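Trainee:
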Amino acid sequence: WPSMIRTIFNNPERYVKTYWQKIKAVYFTGDVAFKDKDGYYWIQGRTDDVLKIAGHRLGTAEIESAFAHHPAVVEAAVIGLPDPVKGESIKAFVVLKQGIKPSDKLQEELRHTVRQTIGPVAVIGAIAFTDKLPKTRSGKIMRRVLKAKELGLPLGDTSALI
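When the letters of the sequence shown are read in order and numbered with our numbering, they come out as residues 400 to 561.
1) State the beta-bridge partners of H511 as determined by DSSP.
2) My understanding is that I526 touches A491, with C-beta atoms under 8 Å, so please give their C-beta distance in whole angstroms.
3) Roughly how many angstroms lie between the CA atoms of D503 and L495, to the nearest whole one?
4) Among the residues of its own chain, which have a CB less than 8 Å from the CB of I422, if the five just before and after it don't count?
5) Rounded to whole angstroms, how far is the Cβ of I540 from the Cβ of A465, which I believe are closer than 8 Å?
6) E487 and I517 - do their beta-carbons sit closer together than 7 Å?
7) Just to confirm, are I561 and K531 a CB contact at a threshold of 7 Å?
8) Straight-line CA distance for G555 to I407?
9) Could you pull out every residue in the same chain whose Cβ sits closer than 8 Å to the Cβ of V520, ignoring the five residues on either side in sequence?
10) If I follow the unbroken alpha helix (DSSP H) through S464, where does it start and stop?
11) Distance check for Y414 and R405, CA to CA, integer angstroms please.
12) What residues in its chain sit with their C-beta under 7 Å from that of A471, if we drop five residues either side in the sequence?
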């Protein structure tokens, strides 16, 4: 694969430990991707994008993938928002398939889908339906932009947005 790192300078043991031993016989970079029904690969983000909900660590990619199990969903992004009791609460931004209308019933279905996929700790605090998600040129979702906008903070460098 052209973009695979082949070694770490003067430290081949670290290379093997970092990239080849987390999952047996799999080159693991820490990126999460999925293959759609048409055979295209989509990079979702980093596996180390983690939310801490009531003492539990949940990966954003894991939650976003759970949303994708619902037939009405094209894609989703989640962020953690400050919560005085749980530490963080989950807010989801969901892009629906063409022709699907947002509704309270659909929100409940999505919450149920995520809970069934991940477990009872995955309680979705809020769901916002949107036409598109902020992404970089390489297709990665820019969660920090969603979070900054949600919290009324400066967006920071947005030059990579498409």
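Even glycine gets a Cβ: it sits at the ideal position worked out from N, Cα and C. All of these numbers come straight from a predicted model, not from anything done at the bench.
Mentor: Here's the rundown:
1) BP columns for H511 are empty, so no partner.
2) Here I526 really is in contact with A491; their C-beta atoms are around 5 Å apart, less than 8 Å.
3) A direct Cα-to-Cα measurement between D503 and L495 gives close to 14 Å.
4) Taken in chain order, the list of residues that qualify is empty.
5) Not really, about 15 Å apart at Cβ, beyond 8 Å.
6) In this structure, I517 sits away from E487, with a CB-CB distance that is not shorter than 7 Å.
7) No, Cβ-Cβ distance for I561 and K531 is not below 7 Å.
8) Distance between the alpha carbons of G555 and I407: 32 Å.
9) Excluding its 5 nearest sequence neighbours in each direction, V520 has C-beta neighbours in its own chain below 8 Å: I452, A453, H455, L457, listed in chain order.
10) S464 -> alpha helix (DSSP H) spans 459 to 467.
11) Distance between the alpha carbons of R405 and Y414 is about 8 Å.
12) Here A471 has L495, K496, I499, L505 as same chain residues with Cβ atoms under 7 Å from its own Cβ, once five neighbours each way along the sequence are excluded.
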